[in-house]
Each structure stands twice: as structure tokens, then as C-alpha cells.
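Colleague: Respectively, the protein sequence lines represent chains A and B.
Under this note's numbering, the first sequence is numbered contiguously, ending at residue 153.
Under this note's numbering, the second sequence is numbered contiguously, ending at residue 593.
Take a look at the following structure, please.
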Amino acid sequence: MSINLEKIREIFSDYCPEKGNLMVLLHDVQKACGNWLPEEALKEVSKLTKMPLNKVYGFVSFYSMFSIEPRGKHIIRVCKDGPCAVKDSFVIEDMLMKELDVDMGETSEDNLFTLEETACIGTCTAAPAIMIDDEVYGNVAPESLNSILKKYR
Amino acid sequence: MSDKVKVTIDGIEVNVPADFTVLQAAQLAGVDIPTLCYHPDLRDTGNCRVCIVEIEGMPLFQPSCAFKVWGGMNVKTNTTELRKARKMIVELIISRHNTECLNCDSNKNCELQDIADKLNIRDVRFEIQPDFEHPLDNSLIVQRDPSKCVNCGRCIRMCNEVQTVNALDWTGRGYEKMAMTTMEKPLAETACISCGQCINVCPVGALIERDDTEIAWSFIDDPEIHTVVQTAPAIRAGIGEACGLEEGYLSAPKMFAAIKKLGFDKAMDTNFTADLTILEEGTEFLTRVTNAVKEGKTDIALPMFTSCSPGWINFIETYYPDFLDNLSTCKSPQQMFGPLAKTYYAEKVGIDPSKIRVISIMPCTAKKFECDRPEMNARGYKDVDVVLTTREFAKMIKTANIDFDKLEDIKPDDPMGISTGAADIFANSGGVMEAALRTVWEIVTGDALTLEFTPVRGLQGIKEADVTIEKTAEGYEWLKGVTVKVAVANSTGNARKLLDAIKAGEKSYHFVEVMCCPGGCIGGGGQAKPTSWEIKAKRAAAIYKEDENRELRKSHESPAVAQIYKEFLEKPNSHKAHELLHTHYKSKAHLLK
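This is how it looks when you write it as C-alpha cells:
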């Protein structure tokens, strides 16, 4: 996949060049690159921010929201924390793995979904909860999964 | 800060500067606190927690290496609670460490072993689960074994903050946090310059150099092979220490004796080619200055940079390829010795050069890289066959049951063993500059008196000096009144500062010496472990003492150098000298792209 370096430079020009902006900058770059950060993109960010590449890489590797592996168009995050686990989040997880034919952390063959785990997303009253991209779904019942996924297919 | 404050450590009162850490205060009070991630030459980070202490008024234990004192502070370093906590911390570190100590390069020279011993650890309560997911990286001279890494971060601070090479950094988080290359690439695909400084500061055996001792033994064992050993200037102030003697132990005659005792045929000296380098490089420098000042040519690359340090060559090729024309074309003394041993010496003694093997003993890991460069092949043979570090040399001495201290003093072998004091000081930061000035000064001014150029001495990162030429020798009248500006940098971090200043036009010089390692070769990546500025200062002092005790202290006074020009090389920078003793450089900027 070819990376649009011009687009990255454009994103960079939206931010004042200071260290504190690295997080938001990388999120935008990740979005522009299709939900992941290819090596070329990291190198471009390193060049633009004048930060050594190993610093940018170390930063990216620290946060689980960044990925250096290609991911699908949509990211499904299943909450694995206590309240959701009590409410059988593992059943939801199993169903998703079967439905998408992937293991946790993998991307479906049609490149539409990547399945990930997440720590608490703050909707414990509506456990079990999942998140697809920026959308939160609470009280997820096994039978409602298909209709949720349908929206993204 | 000159303000002093009173601190009590285990009941001992000490007055310490107000900006001291608790650890520094404890050291002053004579109280020993165990440390792991702390290193006197590096920034304090407090990430291993081994050095925790109890401070009155603080609710939690604090890492003494990263915690500043205050007036009236009361510190305890040895309570039951502290011992328990410290033990747990070290047990947790061990649980993530490959504990196969017997076949580890750092066996018996390991700070984790020392701490475990000190804390009397007999039972690790956690499952031992080292990181075997990331395999040993032996792609380059510097080799990394993640299963042994204890996450102290010393290598990262050295690589990023001192050397500014940025090959390693923290990656991941929590349990998975580790020192790693970008994208987990092998070191050979990173900007690593093979300086080996990370090895010097690694408390365990997670970072080591490629071991080439078996190759050296195989040369000794082969009766068909004639072995010629060269020893770098810094070895004479390093090998004694590596063999367990005191820091700064000076031992050139025993060094030669050890080489012979190991079974090598000839013990010669890189010092010989260090003197030769001064003649070649000095002549090259004068040619550049003549062209620029006298002829007024504008395309002459000045300042001229020294080229003896292979880590520095790797650094400039990677980070500053625009400056490659400024590098002296002279090979390093090690690489000058190789082809001369296989031509000049081979002809002299009538030995087929294909039967000669040149073994270098160097304070340096980057020398191994330099020796493997394909262009280092002047006459169809590899110029230098194998490079051993000071540590590997010490290992061979140990294996051969040689008691270094008891060896009988001997002289190096002719003809490539004779040298001057100017060659000795190549080991210290500023030494190549001083040696060059001793010779060039005499050529240009005809003044034979000046010997020591103290402004270029010392362990400071960057040193500058200018000398105005008042009196000139015949043929150099055009230099009258010219102020020659020189600079000396040690560590590539300081070299970077200097290059950036030159690039920005803030500084201009005629001649710049750069040594890749902090302190110069005496602080080389292949020298004895552990190391620190305090130890390096002792080694540097030993080297200056060696120079002082010499009868001949200027390279051009070396009879061996005079002889080789007369019999073999004709004159400095002759056609033959260029073929054998000079090289060229290539940009490695692609490693950053």
C-alpha cells in the first residue's frame, strides 16, 4: 500500500511544531493511513517533527491505540475489565471471533474489521460493552451482534 | 551550587552540596547503597528501584540515585523493611533475566550477580521467565540478547543522550517494556555505529561484542601461519586493568610479553603506524592549507577531520555525509599496519603474504567493523585479519593461565614495533591533535622546542585552541601571522554539536580531531568493564606518563618511520602511500531514510 506522504505533511502543517502535539498528530496520520502507522509514515513524522525515529517508534509502541500492523477499516474493541467479564464479555468475544473468523488482534479477510481487547471504556452500567471505531455499544446481547455489525458491512 | 546542607545517613552526619542526590551523599558518608540502573556517567533515572532508601517524613521508599537531599534530611539505608523490599525488587528483576550465568560473557563481571550476592538471594519466589520471544541479535559487532536485559536503560541513555546515535530506545509498556531498536530491526539495519559504549555500561551480559578469540587461537595453532600482532596505543593502559590489576596500570612491556606467551609470532605495535599517520595526515593537512591559504583555492575542504576512529567514520557517513570530503583520506593506524605487514614486512623477512595473519588488539568494537570493510583490501588480502578487544585479549590471557603481573618485560619486535611518545597519546582525546601539532609545528616554524599542547588535553567534551604562527621556516613564509584554529571533540554527541556549529557558520576551524568514545580510545567500547570518568582519567594519566618517559616524542623523529619512507614508501602522500595507506568514504545516510 502506498502512503500519501503529501497528506502527512498537510496534517503536520495543521499543528504547531511542538513535542506535545505528537499524540494528536499521530492519531490523524494513523487515520489517513487507514487505521495503522506504516514505517514510512513514522519516518515522515520523525523528519517533520525532527524527533529521532526511535523516539517516535517508542512512543507509538507504548500506546495500544496505535498500530504498526495493518488493520481493518473498522476496529472492534471488546471490554475485558471486571464488570464486563462478570456479564459474560467472553461470550461476545467468542462470537465475534467466530463470526469474523479471526483471533483476538487479527483482521478479517475482507479487511473490514480488526478485533481487539480494550480496558474499561467507562460504561460499566451497560456491561458488557464493545466499541466500534468511536461508537460505544452497551448491553450487547449475543443476538444483537449481527445487526450491529451490519451497519459497518 | 556552593550551598551546603547537613544530611544524616545511617546516623552519620555529612555536609553535602544542596544539589546532591541521596546516593551521592551516602557515598560521601561512606555508606554503600546497592545500585543497578545508576551509572556515574549517565543521567539519573531511578527506574530499577534497587537503591531505595527510607527518608524520614516520606511515606514511601525513594530511589536514592534520583532523589535530591534537603537540609536536615534523615536517611536510613538498612532497615528490615528496606531489606525485604530491596530483595523483592531484585527477585523480580531476576525473574525476567536469563540466569544461565556459567556460559555468559559477563560471568563473574556482572552487577546483577554482585547485587544478588550482596542481598543474599537464595530463592527467587517468582517464576523465571526471560524474554525468549526476541532472539539474540548478532547481525552486527554489537550483539544483543534480550533474554538477559534487565531494563536498566543504561544503553539507551548512552546511545541517545551521550552518543546521539539513537539506535535503541524504550518500546512497549509495563511487562512488555524493553530496550529495542525501531520496528525491532536487527542492529545492522539501524544507525548503530558499533561504538560499543552500550556494552561498556551494560551491567549484565545483554550487550556484548562479537567474540573473535577462536579465530585468533586458530591462527596461533596453524604452523603454516605467521602471526603478526599489533596493539593500539590505549591497550598499554587498559590490559592490566582488564586482567584484574589496578585502574590505569601501565604495562607496554608486559603487554608485548603476553602476546609472545600466547604463541603469536611477532608482537609489534600500532604505535608505529600512529607515527606514520602523523606524517601522512600532517602532510595532507599542510597540502590542504597550502592550497586554501597560499593558492587561494576555494574548493578545498576545511576543516580537515581526523579519520582514526572507526565509530566516528560510521557516524559521519550516516549522519553528516555532506562532510565526507573534510575527512582525512588516511586510513586509521590499524588499517595502515595491515597492508604494510603484508607488503613491507613480508618482503623484508621473505614470507609469503598469504601466510601472514595480522591480529589487532584494540580498545574498540568499531575496529572490528572497520576491519571487515570490503575496501580494506589493499593488495588482494584482507588488510587486518581479526580484531580483538581489550576484553577479548584479557580472556585469552586468562584461558592460557598467564599471570599478567608476573610476566617478564620485553621490547616489541622490529621493524614495526618502534614508536614515539606522540603515538602513545593517540589513546587520549586530544592526543592525535597534539601529536600532529608537534610535527606540523616543527615543519612550519622550524622551532623544535614546543612539546606539550595542553589546551587540547583533558576529558572535556569539546576543546578549542588557536595558535598564531609568528616565526616561519623556509618555504612557509606565507603562513606568517596566520592563526591556526583547532578543535577536539570526544563522543559523537559532542562531535554532533561541533558539526552543527560548523554547518551553521558559527564556528570555523582548520583542523578538528574527533574520537567517537567519551574520553577517546582510553574510554573505548572494547575496554575493561566497568568504566567511568574516574577510571578513564587514570588511564589517560598513565598514557601521558608513558609519553613523558619516552626519549623520542615526535612522530617525525621515529627511526622506523624514516626507514620505511626511505626503503619502501618514498615520501609522505607518495603514490605508493596513497595506494596502501589512504581510503575513501561512502554515505550511509540510507540507514536513516
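Backbone N, C-alpha and C fix where the C-beta goes; we use that ideal spot for every residue, glycine too.
So is Cys-371(B) buried or exposed if we call it buried at 16+ other beta carbons inside 10 Å?
Modeller: Burial call: buried.
Colleague: Please name the residues in the segment 46-59 of chain A whose beta-carbon is closer than 7 Å to at least one beta-carbon of chain B, in chain order.
Modeller: Listed in sequence order: Pro-52, Leu-53, Asn-54, Lys-55, Tyr-57 and Gly-58.
Colleague: Quick one: is Ala-252(B) buried, meaning 16 or more other Cβ sit within 10 Å of its Cβ, or exposed?
Modeller: So Ala-252(B) counts as buried.
Colleague: Helix, strand or coil for Thr-114(A) per DSSP?
Modeller: DSSP places Thr-114(A) in strand when its eight states are reduced to three.
Colleague: Which bits of chain E does Ile-68(A) rub up against, with CB to CB less than 9 Å?
Modeller: The displayed structure is made up of protein chains A and B, and chain E is not among them.
Colleague: Please compile the residues from chain A whose C-beta is within a distance smaller than 7 Å of the C-beta of Thr-171(B).
Modeller: Under the 7 Å cutoff, chain A gives Tyr-57, Gly-58 and Ser-61.
Colleague: Going by DSSP in three states, Leu-276(B) sits in which element: helix, strand or coil?
Modeller: Reduced to three states, the DSSP call for Leu-276(B) is helix.
Colleague: Spatial neighbours of Asn-160(B) within its chain, please: CB distance less than 7 Å, with the 5 preceding and 5 following residues excluded, ordered by chain position.
Modeller: These residues qualify, in order along the chain: Asn-166 and Asp-169.
Colleague: Using C-beta distances below 6 Å, list every residue in its chain close to Ser-309(B), excluding the 5 sequence neighbours before and after it, in chain order.
Modeller: Taken in chain order, the residues that qualify are Met-515 and Cys-516.
Colleague: From the DSSP output, in three-state form, read off Thr-190(B) for me.
Modeller: Note: Thr-190(B) maps to coil in three-state DSSP.
Colleague: Are there 16 or more other CB atoms within 10 angstroms of the CB of Trp-533(B), so buried, or fewer, so exposed?
Modeller: Classification of Trp-533(B): exposed, given that the 10 Å Cβ count is below 16.
Colleague: Starting from Cys-330(B), follow its DSSP beta bridges and name the residues at the other end.
Modeller: His-582(B), per the DSSP bridge assignment.
Colleague: Since Ala-258(B) contacts Ile-402(B) with CB under 8 Å, what's their CB separation in whole angstroms?
Modeller: Contact flag correct, Cβ pair sits at about 6 Å.
Colleague: Would you mind stating whether Val-384(B) and Phe-426(B) have Cβ atoms separated by less than 9 Å?
Modeller: Cβ distance not < 9 Å, so Val-384(B) and Phe-426(B) don't count as in contact.
Colleague: Here's a check: name, in chain order, each residue in its chain whose Cβ is nearer than 7 Å to the Cβ of Tyr-249(B), leaving out the five neighbours to either side.
Modeller: Contacts found: Gly-240 and Glu-241.
Colleague: Rounded to the nearest angstrom, what separates Gln-24(B) and Val-53(B) at their Cα positions?
Modeller: Taking the straight line from one Cα to the other gives about 13 Å.
Colleague: Considering only DSSP beta bridges, list what Val-75(B) is partnered with.
Modeller: Beta-bridge pairing links Val-75(B) to Ile-9(B) and Ile-55(B).
Colleague: Strictly below 8 Å CB to CB, what residues from chain A border Ala-167(B)?
Modeller: Within chain A, the residues near Ala-167(B) are Asn-54.
Colleague: Can you tell me where the alpha helix (DSSP H) with Ser-95(B) in it begins and where it stops?
Modeller: 80-95 is the extent of the alpha helix (DSSP H) around Ser-95(B).
Colleague: For the 8 Å Cβ check, are there 3 or more pairs between the segment 480-491 of chain B and the segment 553-561 of chain B?
Modeller: The answer is no - the segment 553-561 of chain B does not touch the segment 480-491 of chain B, with fewer than three Cβ pairs under 8 Å.
Colleague: Determine the closest residue to Val-90(B) out of Ile-9(B), Val-124(B) and Cys-198(B), with distance taken between C-alpha atoms.
Modeller: That would be Val-124(B), whose Cα lies nearest to the Cα of Val-90(B).
Colleague: So which residues of chain B does Glu-39(A) contact, with C-beta pairs closer than 7 Å?
Modeller: Chain B residues near Glu-39(A): Met-183.
Colleague: Is it right to say Val-178(A) is buried, meaning 16 or more other beta carbons lie within 10 angstroms of its own, or is it exposed?
Modeller: For residue 178(A) there is no data in the structure shown, the boundaries of chain A being 1 and 153.
Colleague: Report the residue from Thr-329(B), Phe-315(B), Met-158(B) and Val-75(B) whose alpha carbon sits nearest the alpha carbon of His-39(B).
Modeller: Of the listed residues, the one whose Cα sits closest to His-39(B) is Met-158(B).
Colleague: Just reading off the beta strand (DSSP E) that Trp-170(B) is part of, what are its end residues?
Modeller: Where Trp-170(B) is concerned, the enclosing beta strand (DSSP E) stretches over 169-171.
Colleague: Counting C-beta neighbours from all protein chains within 10 Å, is the total for Ser-508(B) 16 or more, i.e. buried, or is it exposed?
Modeller: Result: exposed.
Colleague: Am I right that Cys-198(B) and His-582(B) are in contact with their C-beta atoms under 8 Å? What's the rounded C-beta distance?
Modeller: With a Cβ gap of about 31 Å, Cys-198(B) and His-582(B) do not count as contacting.
Colleague: Please list the terminal residues of the continuous alpha helix (DSSP H) segment that includes Ile-92(A).
Modeller: First-last of the alpha helix (DSSP H) with Ile-92(A): 89-100.
Colleague: Between which residues of its own chain and Lys-480(B) is the CB-CB distance below 7 Å, once the five residues before and five after are set aside?
Modeller: Answer for Lys-480(B): Ile-469 and Thr-472, listed in chain order.
Colleague: What is the DSSP secondary structure of Ala-487(B), counted as helix, strand or coil?
Modeller: If DSSP states are grouped into helix, strand and coil, Ala-487(B) belongs with the strands.
Colleague: Please report the straight-line C-alpha distance between Tyr-57(A) and Ile-313(B), rounded to a whole angstrom.
Modeller: Computed Cα separation, rounded: 26 Å.
Colleague: How far does the beta strand (DSSP E) with Cys-79(A) in it reach, from first residue to last?
Modeller: From DSSP, the beta strand (DSSP E) with Cys-79(A) extends over 74-79.
Colleague: From this set, Ile-11(A), Glu-40(A) and Met-131(A), which residue's C-alpha is nearest Glu-69(A)'s C-alpha?
Modeller: Per the Cα distances, Glu-40(A).
Colleague: Can you grab the Cα-Cα spacing for the pair Cys-149(B) / Ala-542(B), in whole Å?
Modeller: Roughly 34 Å separates the two Cα atoms.
Colleague: Assess, as a yes-or-no matter, whether the segment 182-193 of chain B is touched by the segment 125-144 of chain B under the definition of 3 or more beta carbon pairs within less than 8 Å.
Modeller: The segment 125-144 of chain B is in contact with the segment 182-193 of chain B.
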